[in-house]
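Here the structure is laid out as structure tokens; the discussion comes afterwards.
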Amino acid sequence: MKCAVDVGFGFTKAVNEKGKEVIFPSAVAKTFLTDIGLKPTSEYFITYMNQTYAVGKAATHCMITETSFSDDRFVSEFSKLLVLTALMALDSDREIELGLGLPLMLYPKLKEKVRDYFEFAEEIIVDSNNVAHTYHITRCEVFPQGVGALFSIDSNIEKGIYCVLDIGFRTTDVIVVEVNENNINPLLELCFTLDKGMSMAIEKLSIILERKYGVSYDTNLLLDIHERSQISVRGRKINIEEQKKEVFNTIANDIVQSISRKLQRGFDTFDGVFVAGGGAFNIAAVLQKEFENVQVIYNAQFANAKGFLNLLSILDE
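Residue numbering for the sequence shown follows UniProt numbering, starting at 1 and increasing by one per position.
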């Protein structure tokens with residue numbers, strides 16, 4: 001079975017060839033399950049190598065949570081636990097053809113290491129119902145993020161020069177390509193990674209909430225901020241939509257200005273600008289006020305994972 005997993009700094013997104021999609025925070029915590037007569041309903045609790053872990057949202061509620069931002073996270077047990085949990089959540093078959101991605105700035109350095117780390121691995125994880133899941137990764141291909149997003153677009157792209165903005169949690173990848181007939185050629189001098197992402201908005205919002213209400217909400221507790229319109233403060237529900245809107249607009253403007261300075265050319269000089277990633281709609285809202293050639297890729301948060309999956313099939317041709 002072909003599966004693709006996009007291990008982001010904020011969220012792990014995964015898809016398989018049957019069309020199933022899963023998403024959960026890129027968080028892991030060592031834990032143990034105590035029988036108090038209630039089964040945990042928060043996903044996911046797994047056992048790997050005789051150690052029990054909370055993964056995803058369950059990990060964000062643990063006292064010590066790992067949300068690694070280091071370069072070596074992609075060739076570590078942290079990343080492997082996220083990938084294996086994603087395969088389990090996708091109801092994957094035992095034999096896996098796996099597509100993974102790396103931020104553009106890390107791709108040349110880590111591509112081979114990541115492929116070697118996962119390819120031909122035989123792994124077993126046990127879920128919270130004590131059911132074992134065995135996976136044999138028969139093939140692993142590693143792609144640059146952003147490029148993956150481009151290959152998630154279903155419609156044909158006309159000849160021209162296009163900019164792809166992959167707005168992630170911690171970083172933003174900017175990829176400029178020239179499309180000519182059936183070829184897509186990256187213009188490497190215009191491709192780069194910006195060390196800014198939507199986590200800046202969460203960090204800023206956390207500071208605002210602490211100053212205004214005297215409560216501490218760290219990044220892990222605010223990972224679901226897009227879905228949340230209220231927070232609890234001493235038993236009261238406080239609406240934070242106004243603060244969210246202001247903060248996300250401020251950070252989106254900051255990211256757009258940083259991209260423009262580094263590109264040293266206007267977005268209106270491209271035949272099209274495609275925006276993907278978890279922060280796609282925030283960034284697109286800023287760009288679309290000024291430019292008409294900006295388009296949010298469908299299912300933007302899953303664009304990289306879907307593109308990796310398509311690329312696995314393209315490589316078979």
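The beta carbon of each residue, even a glycine, is placed where N, CA and C say it ideally should be. Being a predicted model, the structure only gives us computed values, none of them experimental.
Terminal residues of the alpha helix (DSSP H) in which residue i lies
i, result
"T85", "77–89"
"K2", "Counting along the chain, K2 falls outside any alpha helix (DSSP H), though it belongs to the beta strand (DSSP E) covering 2–7."
"K57", "57–60"
Range covered by the beta strand (DSSP E) that runs through residue i
i, result
"I161", "160–167"
"I157", "Neither: I157 is in no beta strand (DSSP E) and is coded neither H nor E."
"R139", "132–144"
"A121", "Per DSSP, A121 belongs to no beta strand (DSSP E) and is neither H nor E."
"residue 340", "With the chain running from 1 to 317 in the structure shown, residue 340 is simply not present."
"F308", "From DSSP, F308 is part of no beta strand (DSSP E) but of the alpha helix (DSSP H) over 303–316."
"residue 339", "Given a span of 1 to 317 for the chain in the structure shown, any question on residue 339 remains unanswerable."
"A149", "Not the beta strand (DSSP E): A149 falls in the alpha helix (DSSP H), residues 147–150."
"E21", "21–25"
"Y48", "45–48"
Cβ shell of residue i (< 6 Å), same chain only, five flanking positions each side left out
i, result
"I157", "V179"
"A252", "N282, I283, V286"
"V275", "L165, I283, A284, V296"
"T193", "P103, L104, M105, T171, D173"
"P144", "L104, Y107"
"A59", "A27, V28, A29, T65"
Cβ-based neighbour list, residue i, same chain, cut-off 7 Å, excluding 5 preceding and 5 following
i, result
"L90", "C3, A14, N16, K20, V22"
"C191", "L104, V174, I175, V176"
"I238", "Y213, Q230, I231"
"Y135", "L84, L87, S92, R94, I96, E123"
For residue j and residue i, the rounded distance between their alpha carbons
i, j, result
"Q288", "G160", "20 Å"
"D35", "S79", "Residue placement at D35 cannot be trusted, given a pLDDT of 46 that sits under 50; the coordinates are not used to answer."
"K57", "E43", "6 Å"
"E97", "E122", "13 Å"
"Q230", "Q243", "11 Å"
"S232", "S199", "21 Å"
"V176", "L150", "10 Å"
"N130", "K111", "34 Å"
"I137", "F120", "5 Å"
"V273", "E241", "28 Å"
"D127", "H61", "18 Å"
"R265", "N182", "26 Å"
"K109", "L205", "34 Å"
"V215", "F169", "23 Å"
Integer Cβ distance of residue i from residue j, believed to fall under 8 Å
i, j, result
"V5", "A86", "5 Å"
"V55", "Y117", "Actually they are not in contact, since the Cβ atoms of V55 and Y117 sit about 18 Å apart, beyond 8 Å."
"A201", "V247", "5 Å"
"Q257", "G277", "About 18 Å separates the two Cβ atoms, so there is no contact after all."
"K196", "I124", "No, K196 and I124 are not in contact; Cβ-Cβ is about 39 Å, not under 8 Å."
"A303", "S92", "With 8 Å as the limit, A303 and S92 do not qualify as a contact, their Cβ atoms being about 21 Å apart."
Below-8 Å beta-carbon distance, residue i vs any chain B residue
i, result
"L209", "Within the model displayed, chain B is absent; a lone protein chain is all it includes."
Neighbourhood of residue i by C-beta distance below 8 Å, restricted to the same chain and skipping five residues each side
i, result
"L309", "K2, C3, A4, V15, N16, E17, G99"
"L82", "V5, V7, T12, S26, V28, V55"
Sequence ranges, alpha helix (DSSP H) only - wholly within the UniProt domain "Actin homologue MreB-like C-terminal" (164–287), length at least 4: 199–213, 241–263, 280–287
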